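A.B. asks:
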Amino acid sequence: MKNEPGPEQAPPSGPTPREAWLADRFEAVRPHLRTVAYGMLGSRTDAEDAIQETWLRVSRNEHRDIRDLRAWLTTVVGRICLDMLRARRLRREDYPGTWLPEPIVRPADADAYDPEGRAVEADAIGLALLIVLETLNPAERLAFVLHDVFGMTFPEIGRVVGRSPAAARQLATRARRRVRSAPQPDADLARQRRIVDAFLSAAREGDFDALLATLDPDVSFEIDLGPAAGAGPSAVVGAEKVARQMLANARVFLPMSRPVLVNGSPGRLVGDSDAPTGIAGFTVAGDRIVRIDVVADPAKLGDVSLDLLDGARPEAARRTTTPPDGASPDATRSDTTRSDTI
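Counting from 1, position 291 in the sequence shown corresponds to residue 291 in full-length UniProt numbering; the numbering is continuous, with no gaps.
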């Protein structure tokens with residue numbers, strides 16, 4: 001007679017040694033998978049869904065002969081993202097107004113105290129690039145992201161998209177041509193901050209000419225209010241039009257804003273004491289601002305915590321801050337000489 005567990009004799013529980021090993025290895029690769037999926041999808045929420053689906057597929061199957069788990073998982077998440085992009089492309093046709101990627105927001109001085117966060121930013125794909133990637137078809141986007149950003153080979157990419165290595169190379173070439181046709185953002189963060197600082201200072205002072213001096217002649221201003229808002233305003237294009245738009249809203253925008261990093265570049269977070277209401281990202285190229293993108297879709301702001309960004313509070317709040325007991329005054333002082341503080 002088989003000795004089967006009765007009501008008082010529970011069956012063995014907990015993961016097997018192999019399941020525990022696989023879970024540990026998956027968690028070690030998760031940050032990489034998150035960055036890949038975010039680059040593919042432009043949405044942190046969708047990226048997490050893709051990672052969850054990747055784990056479900058891995059945990060449901062036996063994969064004892066995998067030599068490079070990181071590469072294998074990258075292939076799996078790439079296929080999942082490709083399917084998600086194809087499905088989303090159909091839905092996006094009905095999206096009212098402007099759609100912008102879901103931004104990655106960090107404190108403006110995160111690199112000074114968060115080396116791990118700085119590493120994440122180093123791998124982050126900039127907002128401007130994500131916007132260009134939205135113009136590509138799903139296969140082109142995957143080929144560009146996996147090859148040009150993450151260094152996968154064309155044979156590996158071909159297996160993801162179901163094409164030959166030569167065809168995968170052609171996909172990446174077409175995508176690269178489109179990406180290079182757009183203004184190339186300045187890689188120097190300090191220089192970006194100086195330009196954005198000059199722009200915001202001119203807006204605060206109402207100096208129209210100084211504002212124009214910071215803007216590219218073909219600068220664009222776009223805002224994503226989310227599907228619930230309907231069509232929303234169309235893009236504003238041209239330095240004079242954008243300057244007037246900024247001056248018209250500066251008195252409301254600036255007092256409520258604080259400096260942050262948006263996908264590794266200078267930005268502003270707008271919000272009161274309860275929750276953020278908008279995130280502005282600036283793209284600087286050739287010592288001029290070429291794009292201003294504002295994400296005001298509540299669904300894309302839900303994970304942005306003002307508490308996590310407490311070091312980047314509005315100026316009025318910073319001036320009234322006192323250091324906690326036992327802390328150095330320098331720990332919480334308002335550094336009004338910083339280039340990203342208005």
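Backbone N, C-alpha and C define an ideal beta-carbon position, used for all residues, glycine too.
Bear in mind that the values here come from a model prediction, so they are computed numbers and not experimental data.
1. Pop quiz: residue 85 and residue 138 are said to be a contact at Cβ under 8 Å. What is the actual Cβ separation, rounded to whole angstroms?
2. For residue 185, does the three-state DSSP call read helix, strand or coil?
3. Which residue wins for smallest C-alpha separation from residue 242, given the options 232, 222 and 201?
4. Expressed to the nearest angstrom, what Euclidean distance is found between the alpha-carbon atoms of residue 264 and residue 67?
5. The alpha helix (DSSP H) spanning residue 102 covers which residue range?
6. So what does residue 203 bridge to, in DSSP terms?
7. Within this structure, are the beta carbons of residue 202 and residue 211 separated by less than 8 Å?
8. Please determine if the region 10-30 and the region 98-109 are in contact, where contact requires at least 3 C-beta pairs separated by less than 8 Å.
9. Could you compute how far the alpha carbon of residue 19 sits from the alpha carbon of residue 52?
10. Whole angstroms are fine: how far does the CA of residue 249 sit from the CA of residue 132?
11. Assuming residue 283 contacts residue 217 under a Cβ cut-off of 8 Å, what Cβ separation, rounded to an integer in Å, is found between them?
12. Can you look up residue 138 in the DSSP assignment and give me helix, strand or coil?
13. Would the beta-carbon of residue 182 fall within 8 Å of that of residue 143?
14. Can you tell me whether DSSP reads residue 304 as helix, strand or coil?
C.D. replies: In brief:
1. 4 Å
2. coil
3. 222
4. 34 Å
5. Counting along the chain, residue 102 falls outside any alpha helix (DSSP H), and DSSP gives it neither H nor E.
6. Residue 203 is not bridged to any residue.
7. yes
8. no
9. 16 Å
10. 27 Å
11. The pair is not a contact, with the Cβ atoms about 15 Å apart (cut-off 8 Å).
12. helix
13. no
14. coil
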